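All remarks here apply to the structure that follows.
Chains as they are written, first to last, in the working numbering: chain A, 4 to 196; chain B, 18 to 217; chain C, 185 to 380.
Quick look at the structure:
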């Protein structure tokens, strides 16, 4: 399957949040402002692009030849944590403005389930190297789109008369459900494999 | 001691229920809640990991260097998740397939780390174990509650047994992702109202 | 207290922890690996047998498989199906995209090329209870001893003219995608066979 198809499928039909429920912890916590949501989304996309490549290489060139697939959960976590640390250091040193935009979010991302989820999905679905990168970047952009849209909705909802018990997380979850419902409309346009 | 254990259990299951009160760790929860059986196994796997990880983290807390405690905790949790994954693959392959990557994602479940940091680091192993198990049970109950409605309306069955009869029209929406989001929202609503009612 | 935060202690602690946990996992992995492999093999064999129209249980799957199935040399995942010494048909793999994701499975074709022996889905990502019903017995069993059309398309859903299979109500797209994959697989199979 072409990496391009995987790229678009992971944005629309197999969106990390709306179809796979991944990355929701930070999704609900951060999505109250559009600006910060987009910044976090960019950081996630960046980390996903790098980690999906790194994890793929580590899995196929180190773990599989050594017969150590059983340790993949631990290895993926370590690779992700190391890359996040490393990119934080590099960005801080060389890209000052970027650091102010993304820097504070980078440590948060290590525990974002979407990152590990992408690594696990690409192994289960037996993607090749380019496919994995396309999947990683697409998932990141899909995640950013969903979180930015939810932030937009939440800004409006704040002024609406929401029942007391639903305020905050409750209505955010239901709004996400409506978004997921809308995204079902994309099904059948493209497939992921 | 006994009354303290009981109090810890009660607090973790009801009043501080991990999913509802902290809205943490719903990531891996929702995807498996379209069937009661998947939710039950997922809940048990999670209870196993939270209980034992709390136990080991607490047991090792006096020997763990402070500044590397996060990586030690992650390591212990990841090892337990791998144990669950290997056992499922060996003894319940169909379930292992059905849960797919969501077993591995238990690692990033915020509840476990949360319990480790908040409770296991400051309490003796047995108490930490009970706290972990109770958190896991509370989590399982939430999963089962969501799965109950989703499977009942979406398939007309419970644990795979048809209960609503052939004339029932399945609500396909309930099986698809939006159904899970709606159910979680409603569940949060109900518990928020309950809490206010209790306080008034 | 001071000792606990020293670099050497931290490094030693991590090494000890890693060594201990790695050991546990290695033992667990080694002890369950044969079981996992047997189970995976059994699953595949059951699917292959089902595609030839034979239902097997966990107990008799291996004996049935060795008795009835013979892998075709030089072709991956293609099997000859024998009853006694008589060649009854071939089981071939298929693969393609359904509505939500890719699916794989096996298709059994009788030696005369006029009917199917059966069909089984090994993996799919369709919505459970909807497109996912392609794995239900009533759907899969329709393909057992199913008379094929004489020319492509070999499979047509009822109520269209000349239909020979039932689609899944409410899962039109999944059913249609599956039909296209199966027809394509059949066309390729017959072309290759005719060419020989």
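Cβ atoms here follow ideal geometry from the backbone N, Cα and C, with glycine treated the same way. Because the structure is a prediction, the values reported are computed rather than measured.
Can you give me the C-alpha to C-alpha distance between residue i and residue j, rounded to a whole angstrom?
| i | j | result |
| --- | --- | --- |
| residue 145(A) | residue 102(B) | 28 Å |
| residue 38(A) | residue 155(B) | 35 Å |
| residue 320(C) | residue 115(B) | 15 Å |
| residue 174(B) | residue 85(A) | 46 Å |
| residue 99(B) | residue 98(A) | 38 Å |
| residue 185(C) | residue 81(B) | Model confidence at residue 185(C) stands at a pLDDT of 47, short of 50, so the residue's coordinates are unreliable; what they give is reported in the following sentence. Cα-Cα distance, rounded: 11 Å. |
| residue 96(B) | residue 140(B) | 22 Å |
| residue 326(C) | residue 299(C) | 12 Å |
| residue 88(A) | residue 65(A) | 22 Å |
| residue 254(C) | residue 107(B) | 27 Å |
| residue 131(B) | residue 246(C) | 48 Å |
| residue 200(B) | residue 212(C) | 38 Å |
| residue 196(A) | residue 139(A) | Model confidence at residue 196(A) stands at a pLDDT of 41, short of 50, so the residue's coordinates are unreliable and nothing is read from them. |
| residue 365(C) | residue 84(B) | 56 Å |
| residue 51(B) | residue 58(A) | 30 Å |
| residue 292(C) | residue 280(C) | 17 Å |
| residue 151(A) | residue 119(A) | 21 Å |
| residue 284(C) | residue 12(A) | 9 Å |
| residue 126(B) | residue 333(C) | 53 Å |
| residue 134(B) | residue 78(B) | 11 Å |
| residue 119(B) | residue 211(B) | 31 Å |
| residue 189(B) | residue 169(B) | 11 Å |
| residue 295(C) | residue 221(C) | 32 Å |
| residue 185(B) | residue 340(C) | 29 Å |
| residue 232(C) | residue 54(B) | 28 Å |
| residue 252(C) | residue 270(C) | 10 Å |
| residue 133(A) | residue 180(B) | 47 Å |
| residue 167(B) | residue 58(B) | 16 Å |
| residue 374(C) | residue 76(A) | 45 Å |
| residue 64(B) | residue 149(B) | 7 Å |
| residue 164(B) | residue 358(C) | 25 Å |
Could you round the C-beta distance between residue i and residue j to whole angstroms and report it? I think they count as a contact, below 8 Å.
| i | j | result |
| --- | --- | --- |
| residue 56(B) | residue 160(B) | 4 Å |
| residue 66(B) | residue 88(B) | Wrong, their Cβ atoms sit about 17 Å apart, outside the cutoff. |
| residue 383(C) | residue 282(C) | The structure shown does not extend to residue 383(C), since chain C is modelled only from 185 to 380, so the question has no answer here. |
| residue 289(C) | residue 303(C) | 7 Å |
| residue 48(B) | residue 23(A) | 6 Å |
| residue 62(B) | residue 124(B) | Actually they are not in contact, since the Cβ atoms of residue 62(B) and residue 124(B) sit about 12 Å apart, beyond 8 Å. |
| residue 141(A) | residue 9(A) | 6 Å |
| residue 147(A) | residue 41(A) | 7 Å |
| residue 313(C) | residue 171(B) | 6 Å |
| residue 136(A) | residue 55(A) | 6 Å |
| residue 274(C) | residue 265(C) | 7 Å |
| residue 183(A) | residue 195(B) | 4 Å |
| residue 330(C) | residue 308(C) | Not confirmed; about 20 Å, so no contact. |
What did DSSP end up calling residue i once you bin it into helix, strand or coil?
| i | result |
| --- | --- |
| residue 193(B) | coil |
| residue 19(A) | coil |
| residue 62(A) | helix |
| residue 6(A) | helix |
| residue 255(C) | strand |
| residue 109(B) | coil |
| residue 159(A) | helix |
| residue 98(B) | helix |
| residue 203(B) | helix |
| residue 35(A) | coil |
| residue 355(C) | coil |
| residue 190(C) | coil |
| residue 130(A) | coil |
| residue 236(C) | coil |
| residue 24(A) | coil |
| residue 71(A) | coil |
| residue 44(A) | helix |
| residue 165(A) | coil |
Using the DSSP secondary-structure output, state which residues sit across from residue i in a beta bridge.
| i | result |
| --- | --- |
| residue 270(C) | 267(C) |
| residue 287(C) | 280(C) |
| residue 99(A) | The partner list for residue 99(A) (beta bridge, DSSP) is empty, contrary to what the question assumes. |
| residue 341(C) | 349(C) |
| residue 120(B) | Per DSSP, none; premise fails for residue 120(B). |
| residue 275(C) | 263(C) and 292(C) |
Relative to the ligand GDP, is the shortest distance from any of its heavy atoms to the C-beta of residue i smaller than 6 Å?
| i | result |
| --- | --- |
| residue 40(A) | As far as ligands go, the structure on display features none, and thus does not contain the ligand GDP. |
Which residues in chain F have a C-beta closer than 8 Å to the C-beta of residue i? List them in chain order.
| i | result |
| --- | --- |
| residue 323(C) | Absent here is chain F; the protein component of the structure consists of chains A, B and C. |
Note to self: Give the list of continuous alpha helix (DSSP H) stretches no shorter than 4 residues that lie fully inside the region 48-85 of chain B.
What the structure shows: 53-76
Item checked: alpha helix (DSSP H) runs contained entirely in the region 125-189 of chain B, provided each spans 4 or more residues -> 127-135 and 142-172
Next item on the list: Please list the segments of the beta strand (DSSP E) lying wholly inside the region 283-335 of chain C, counting only runs of 3 or more residues, in order along the chain.
Entry: 286-294 and 299-307
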